[in-house]
Amino acid sequence: MGDGLMIQEGSSVKATGRIAQIPVSEAYLGRVINALAKPIDGRGEISASESRLIESPAPVFFVHSHYGEILYEGDTLVTFVYEKSRSGDITQGLPKVEQILEVRSIDSISMNLERRVEGWNERIQRILGIPWGFLIGAELTIAQSRISLVNKIQKVYRSQGVQIHNRHIEIIVRQVTSKVLVSEDGMSNVFLPGELIGFLRAERAGRALDEAICYRAILLGITRASLNTQSFISEASFQETARVLAKAALRGRI
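Residue numbering for the sequence shown follows our numbering, beginning at 213 and increasing consecutively.
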């Protein structure tokens with residue numbers, strides 16, 4: 213007879229026969245923790261002891277009937293309330309990830325951003341003192357930028373129910389933040405002012421020359437970071453393929 217009662221009034225019931233059923237979604241099936249039902253023979257009322265206790269994962273439920281009340285076919289017994297995670301629109305999420313990785317400028321910037329940055333620098337100088345305050349501040353800034361990029365990208369993917377480990381995103385973020393820009397007031401003759409070099413290369417050159425190289429950290433987009441890598445395959449896979457391949461051939465990299 214479908215969902216609900218399986219028999220009509222006055223019908224004969226066999227021992228261990230099914231007399232009623234309640235539709236339960238497959239995703240929310242419970243498990244029997246204590247079987248109390250006994251086979252019955254003949255007709256008669258089912259007492260409360262002749263039932264089964266089922267542990268259900270539903271956090272909230274509402275009972276629409278009371279003990280001893282007569283139920284009819286089609287009556288609602290219990291209403292379960294389940295929580296469902298809200299997902300964002302995939303058409304809006306992917307362009308957001310591209311905007312983050314390409315480090316594109318946003319349309320509007322908070323008006324109090326400059327005031328917050330000035331307050332942050334003042335707190336660092338008061339705690340650590342001058343002149344080391346700006347060095348620690350720069351290190352904290354690039355570290356917090358990397359963490360912020362990973363969290364923003366994870367937020368977009370998790371809104372779609374996609375689980376990605378942080379290490380996969382951290383590899384991309386490390387490449388995006390691995391370059392520094394040589395300052396124009398640098399005292400070294402190894403690099404030209406305004407030249408874009410790797411952070412580790414600048415550190416090694418500074419230790420070899422026993423002379424500090426003035427540079428500042430820069431946040432590149434994933435396309436620009438790939439065009440400034442040592443792998444010609446990575447360079448050619450984005451933009452200016454003909455120029456990259458020709459330069460690699462002249463340098464004997466192919």
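Even for Gly, the Cβ is constructed at its ideal location relative to N, Cα and C. Here the structure is a predicted model, which means the values were calculated and not measured.
Option in the options with minimal Cα separation from residue i
| i | options | result |
| --- | --- | --- |
| residue 425 | 392, 436, 435, 431 | 392 |
| residue 388 | 462, 419, 409 | 409 |
| residue 390 | 377, 414, 293 | 414 |
Where the beta strand (DSSP E) through residue i begins and ends
| i | result |
| --- | --- |
| residue 411 | First-last for residue 411: 411-421, but that is the alpha helix (DSSP H), not the beta strand (DSSP E). |
| residue 291 | 290-293 |
| residue 284 | Per DSSP, residue 284 belongs to no beta strand (DSSP E) and is neither H nor E. |
| residue 432 | Taken as a continuous stretch (DSSP letters only), residue 432 belongs to no beta strand (DSSP E), as it is neither H nor E. |
| residue 404 | Neither: residue 404 is in no beta strand (DSSP E) and is coded neither H nor E. |
| residue 374 | First-last for residue 374: undefined, no H or E at that position. |
Cβ-Cβ separation, residue j to residue i (assumed contact under 8 Å), whole Å
| i | j | result |
| --- | --- | --- |
| residue 384 | residue 434 | 7 Å |
| residue 309 | residue 368 | 5 Å |
| residue 402 | residue 421 | 7 Å |
Limits of the unbroken alpha helix (DSSP H) element including residue i
| i | result |
| --- | --- |
| residue 388 | 378-388 |
Residue i to residue j span [Cα, whole Å]
| i | j | result |
| --- | --- | --- |
| residue 222 | residue 274 | 31 Å |
| residue 365 | residue 381 | 8 Å |
| residue 278 | residue 224 | 27 Å |
| residue 290 | residue 436 | 59 Å |
| residue 455 | residue 462 | 11 Å |
| residue 457 | residue 407 | 22 Å |
| residue 376 | residue 370 | 8 Å |
| residue 459 | residue 432 | 22 Å |
| residue 404 | residue 418 | 14 Å |
| residue 280 | residue 293 | 25 Å |
| residue 464 | residue 372 | 45 Å |
| residue 427 | residue 411 | 9 Å |
| residue 240 | residue 276 | The predicted model places residue 240 with a pLDDT of 45, which falls under 50 and marks its position as unreliable; any figure quoted below should be read in that light. Going from the Cα of residue 240 to the Cα of residue 276 covers about 20 Å. |
| residue 356 | residue 379 | 16 Å |
| residue 386 | residue 416 | 18 Å |
| residue 363 | residue 423 | 37 Å |
| residue 359 | residue 287 | 54 Å |
| residue 252 | residue 285 | Interpretation of residue 252 is limited by its pLDDT of 47, a score under 50 that renders its predicted location unreliable; no figure is taken from the coordinates. |
| residue 238 | residue 282 | With a pLDDT of only 47 at residue 238, under 50, the local geometry of the prediction cannot be trusted, and the value read off the model is given with reservation. If I take the Cα positions, the gap works out to 29 Å. |
Test item: CB-CB of residue i and residue j under 8 Å
| i | j | result |
| --- | --- | --- |
| residue 361 | residue 312 | yes |
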